[in-house]
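Residue numbers (the numbering used here), protein chains in the order written: chain A, 25 to 484; chain H, 1228 to 1769.
Quick reminder that beta carbons are idealized off the backbone N, C-alpha and C, glycines included.
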């Protein structure tokens, strides 16, 4: 089931189960004629300059950080010799080598990523390069209790040993923002935050910050907490979130502006919304293509995320070599956005806001669902059909038979039957885990209702 | 020429019959359903007068051409016999043998008795169409489906939706074993002595043999041209041609025309009977009249048989709804079984990955569930020849061959891999034997084939303390109502505006439940579902 497919695809879905999620229509849509990127890994290596990477300087540590950062939550996974799923370390090494050779020097991981395998794999790949060639970012993913200080310290120490380092360049309190109580429980009441500040003073943490998902008040609260000067902050920023509040709480423009007021550089996550901004509807694509024929939707989104001067680096979870190569072309050299381009993206945002997407970024924080659903894949399939313009509004639509079959057959291909939306029992365990604030059970009911309508050939 | 025509027709019919059994798209039966419907035993069981008259007339006119061109099991044996004849020195391996008359009639009597008494196992085991269906379903269908999956694999990579992957698995060990036994047995017999099975065992062969004792068109040997070389006898796979005596046992002759082409002197002819040749038209009339009388008599017998079946069944008063449910469920709910069902919880909180899902196991049903359209257990039992056509056609993998002796290999419903979906009536469309009567999807929503039974011991709500609404939400007839788990939850609900969802468990309204199995299939409890369907002996309207 979980094999690598669709090698030529340009998107940022996690590797597990990516295969069947992109139709020819979407593929063609995302790769307009005249696209100059190479499909075969390494074939176009000569085209990418090694000395043109855009760098930004961290005002606190003076680090020169590449504007393209490597997100390590989507490393390729394959079936190992023992028949179990494992990280494809050889490929990870190749990707890291290529990235470093072309100027990428910021790598972002966490103890929780990829079922807990990411740190170790990243550490192995990076240890093969001189320590001063790269910055490592990892996180305190102490989500579930008990929150005793010793356990939390162990998580920090374990990260250092997994990563084979004696200091961590960028350390983050992972995913703060849902509420103040949780922040206090995880970091304040147990004294963990004091420990982290001591570690910063001792130089074992070079930059201390936090990543944010959630409520505006909590953001303000933590940003001002004890007047600590944060060295950086990781926020979700892209052209859709810039003005449209994420999870109905706060927009990215507000977050960015507040950070700038406090002189805190921003590390950007979800620049593509889990790949969704790489697969925009045809209508949106044509507007972008009119201005820059051949530029991918992903390039537009990356350029948007990288343009604000306070952005330190833009994270991208690059699974395949061609993702990496295409992104390198965007960032080395980097062209900031101009006003005309911003105007185009305003129009694109309007189109996206009026379409039927489920706002999932495939981050997999909700997984594993205890009842076996493959939540991100279900949403990915649904969104893919939205992108491809295949959602039926009526059973009388001209493309009814074709779109019906594409949805149902594609659904079974993307998600095994016993992991589909109709298996959601409404237990709501996933609800607090979703950083996008998606009402997952409700969306599951929506997907299932649509699938049932088609299966039963109901009139609508 | 006649032989070539016979072979061509046989090939076509065999191919169509095989495709019919293999098809899982539900499209082919529209075009090929007739192949199954003209099969004699299904036609008798379905009281398909048109098919019966056609077969009877064909036999009376032309001899047992049915056995050579319409019966896929017979054609299959011809194929094996043909292969056997291709061995060196075996081109002419037959010689005349006397008919095993006693065995033929004993088996025919047993078959008819089994039909009347409703011993469906004997009927299923002896019916040639049923045997063919099982062989094709168990040995060819997996290959056919794997082939489809190869196309699906390619299609997926070509972004085409023309093919979709289907499950490939053996639906019942018993049906597989019986099919294997029959396949090997038939192949060995045919390899050795051609049509010996058809002429010694097969009750259809025996009945048609009775009708074909004096067909209008017949194989006859012109004594004046015959030089007794015996080549025709050696070619006769029915071993019914006695070249010394110059006779053909027409009750065993399957009219394959092999002898016709073997004769170098043109001594063997396929033509109207001697009496007719002699030109006396009044004789011919008598002949025809007599034959017609024969047919009418047979039809009378058939309808009498039907009546007897009905009688018998009513007298038996089949009400086998019993108390095994409790015992079965108690066994299933033993501590070990419960432990195995616990959903594996990941202790270290990490992202991604999928929860392991145990395969569902089949609950022990006190009464098996027969598909909508089968009316009741006895109608199914009396009419079904276990040809597996419906099992192959079921797109939701609900129908499987029964393992119970009384209904061996006949279809029953189970919901480990799917449930009886509201839009589907495929089984009713394909059944040639009247075991599953034609119904529309609209009819189906009002037919109750069983009742859902809830087992609190297995339910995830009390077990894991999680809210679950799965059975209630997916019930197509809204037969399930959720009620608070206990007094505490009821009080919480009464207070209103609960912070967490109220824990609720299902109550089934048996007057609304149609037994479709949606609740059982989708129930998150594994490997045994916390709600399962018990069959209704007689289906009823809701």
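Helix, strand or coil at residue i according to DSSP, with G and I counted as helix
i: residue 234(A); result: strand
i: residue 1505(H); result: The predicted model places residue 1505(H) with a pLDDT of 35, which falls under 50 and marks its position as unreliable, so this point remains unresolved.
i: residue 1301(H); result: helix
i: residue 1633(H); result: coil
i: residue 1709(H); result: strand
i: residue 1748(H); result: helix
i: residue 198(A); result: strand
i: residue 206(A); result: helix
i: residue 386(A); result: coil
i: residue 1469(H); result: strand
i: residue 307(A); result: helix
i: residue 1595(H); result: coil
i: residue 1603(H); result: strand
i: residue 375(A); result: helix
i: residue 1269(H); result: helix
i: residue 1388(H); result: coil
i: residue 463(A); result: coil
i: residue 1696(H); result: coil
i: residue 1481(H); result: coil
i: residue 1308(H); result: helix
Outcome for residue i when other beta-carbon atoms lying within 10 angstroms are tallied against a minimum of 16
i: residue 342(A); result: buried
i: residue 1366(H); result: exposed
i: residue 1332(H); result: exposed
i: residue 1396(H); result: exposed
i: residue 318(A); result: exposed
i: residue 1266(H); result: buried
i: residue 484(A); result: exposed
i: residue 321(A); result: buried
i: residue 1411(H); result: exposed
i: residue 1277(H); result: exposed
i: residue 403(A); result: buried
i: residue 1620(H); result: buried
i: residue 367(A); result: exposed
i: residue 473(A); result: exposed
i: residue 1408(H); result: exposed
First and last residue of the uninterrupted beta strand (DSSP E) at residue i
i: residue 1229(H); result: Not the beta strand (DSSP E): residue 1229(H) falls in the alpha helix (DSSP H), residues 1229-1249.
i: residue 1761(H); result: 1758-1768
i: residue 159(A); result: 159-164
i: residue 1678(H); result: 1674-1681
i: residue 17(A); result: In the structure displayed, chain A extends from 25 to 484; residue 17(A) sits before or after that span and is not available.
i: residue 1445(H); result: 1444-1448
i: residue 130(A); result: 130-132
Residues bridged to residue i [DSSP beta-bridge criterion]
i: residue 229(A); result: 192(A)
i: residue 101(A); result: 111(A)
i: residue 1639(H); result: 1627(H)
i: residue 290(A); result: 257(A) and 335(A)
i: residue 274(A); result: 270(A)
i: residue 1399(H); result: Answer is none; residue 1399(H) lacks a bridge partner.
i: residue 88(A); result: 81(A)
i: residue 1498(H); result: 1445(H)
i: residue 439(A); result: According to DSSP, which records beta bridges pairwise, residue 439(A) is partnered with nothing at all.
i: residue 358(A); result: 355(A)
i: residue 1475(H); result: 1468(H)
Span of the alpha helix (DSSP H), counted from its first residue to its last, around residue i
i: residue 1331(H); result: 1328-1344
i: residue 1664(H); result: It is not in any alpha helix (DSSP H) - residue 1664(H) carries neither H nor E in the DSSP assignment.
i: residue 1733(H); result: From DSSP, residue 1733(H) is part of no alpha helix (DSSP H) but of the beta strand (DSSP E) over 1731-1735.
i: residue 71(A); result: Neither: residue 71(A) is in no alpha helix (DSSP H) and is coded neither H nor E.
Contact list for residue i against chain C, beta-carbon separation under 7 Å
i: residue 1584(H); result: Looking at the structure shown, chain C is missing, and the protein chains on hand are A and H.
**OP:** Give, in chain order, every residue of the region 471-482 of chain A whose Cβ lies closer than 7 Å to some Cβ of chain H.
**Re:** So the close ones are 479, 480 and 481.
Original post:
What residues in the region 305-322 of chain A have a beta carbon less than 8 Å from any beta carbon of chain H?
Top reply: Cβ contacts with chain H: none found.
Original post:
Taking Cβ-Cβ distances below 8 Å as the criterion, which residues of the region 372-398 of chain A are in contact with chain H?
Top reply: So the close ones are 387, 388, 389, 391, 392, 393, 394, 395, 396 and 398.
Original post:
What residues in the region 1688-1701 of chain H have a beta carbon less than 7 Å from any beta carbon of chain A?
Top reply: Within the region 1688-1701 of chain H, contact with chain A at the beta-carbon level (separation under 7 Å) is assigned to 1693, 1694, 1695, 1696, 1697 and 1701.
Original post:
Can you list, in chain order, the residues of the region 449-460 of chain A whose Cβ is nearer than 8 Å to any Cβ on chain H?
Top reply: For the region 449-460 of chain A, which is checked against every Cβ of chain H, the residues closer than 8 Å are 449, 450, 451, 452 and 453.
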